[in-house]
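Comments concern the structure below.
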Ligand code: SAM
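In the numbering used here, the protein residues as written are 1 to 282.
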């Protein structure tokens with residue numbers, strides 16, 4: 001038993017003091033590389049005026065830097081075993097609040113009340129990347145920027161340029177309300193335990209001037225978008241027949257916006273899709 005523990009601690013070098021066994025079910029891959037953490041703080045432009053939200057403080061490596069450099073940090077952590085450790089580690093910090101809760105269950109209305117320009121900075125659990133981003137976008141009025149460590153391919157997709165044929169529902173949602181930027185790649189060896197995939201740090205800057213909402217209501221945009229993506233393998237002309245459009249009519253409209261009859265939803269930029277809806281509705 002002792003040998004097994006020693007072997008585990010050797011493999012997971014950062015846990016020697018904390019004595020915590022990383023839990024796969026909570027997506028625990030810790031990041032304790034001081035220069036990388038400094039780079040995160042630097043690109044996120046955190047200063048003593050910044051109110052920060054962190055999802056999943058884990059063993060508190062990033063948390064510590066955020067507390068030291070921001071006005072106030074609120075962190076949501078789900079893992080019961082980490083709570084006593086984090087509470088003790090930061091007990092003297094007055095600009096820190098630890099919330100022991102599943103972030104996806106959290107009532108953020110209360111959290112965001114009377115808050116503006118919050119920055120979100122987190123090395124998130126990858127199993128809930130899309131739900132986290134979608135939940136944060138609901139509170140975009142109160143958020144300034146979102147900085148997340150995510151799987152490399154996810155960062156590439158979310159920050160993809162229009163017409164790259166890799167747009168997804170999530171990418172559309174992000175790009176409708178915000179500007180996304182692939183900031184830098186983080187090799188998997190930087191994490192502990194080492195995951196199977198490389199990561200990337202992603203920046204999402206909420207658009208204050210409602211670039212697209214002034215052209216189309218979000219309800220309408222997402223109603224068409226959900227249908228367009230309802231079956232990814234099918235063309236838009238097939239998918240939009242669920243909204244009562246004939247396939248031939250949709251094909252005509254596709255031609256008018258310079259697409260082929262077999263075009264799929266993933267080929268559209270946000271602006272391109274808005275233009276397409278305009279033609280469809282005539
Ligand atoms: N921030 C730490 C770091 O960089 O070393 C830990 C990052 S680890 C990838 C993800 C963290 O999110 C873990 O601490 C995990 O327990 C926590 N977590 C997982 N699911 C969560 C949820 N639904 N709500 C809040 N925290 C969660």
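Don't be surprised by glycine CBs; every beta carbon is placed ideally from N, CA and C. Bear in mind the structure is a predicted one, so any value in this text is a computation, not a measurement.
With 16 other CB atoms within 10 Å as the buried threshold, where does residue 259 fall?
With 16 or more other Cβ atoms within 10 Å, it is buried.
Beta-carbon separation of residue 95 and residue 72 under 8 Å?
The Cβ-Cβ distance between residue 95 and residue 72 falls below 8 Å.
Do the CB positions of residue 182 and residue 200 come within less than 8 Å of each other?
Their beta carbons are under 8 Å apart, which means residue 182 touches residue 200 by this criterion.
Is residue 77 close to the ligand SAM? I mean its beta-carbon at under 7 Å from any heavy atom of the ligand.
Result yes, Cβ under 7 Å from the ligand SAM.
First and last residue of the uninterrupted alpha helix (DSSP H) at residue 250
Element bounds for residue 250: 247-256.
Could you tell me which uninterrupted alpha helix (DSSP H) segments, each at least 4 residues in length, are contained entirely in the stretch 61-122, listed from first to last along the chain?
You should have 61-69, 82-89 and 108-112.
Return yes when the Cβ of residue 186 is within less than 8 Å of the Cβ of residue 146, no when it is not.
Their beta carbons are not under 8 Å apart, which means residue 146 does not touch residue 186 by this criterion.
Going by C-alpha distance, which of 167, 245 and 152 is nearest residue 232?
When only C-alpha atoms are compared, the closest one is 167.
Going by DSSP, what residue range makes up the alpha helix (DSSP H) through residue 275?
From DSSP, the alpha helix (DSSP H) with residue 275 extends over 270-281.
Could you name the residues of the same chain whose beta carbon sits closer than 7 Å to that of residue 27, not counting the 5 residues immediately before and after it, in chain order?
Answer for residue 27: 125, 126 and 127, listed in chain order.
Assess contact between the stretch 142-161 and the stretch 32-51, defined as three or more Cβ pairs (one per stretch) separated by less than 8 Å. Is contact present?
Cβ pair count under 8 Å is three or more, so yes.
Give the DSSP-derived three-state secondary structure of residue 139 in the structure shown.
Here residue 139 sits in coil by DSSP.
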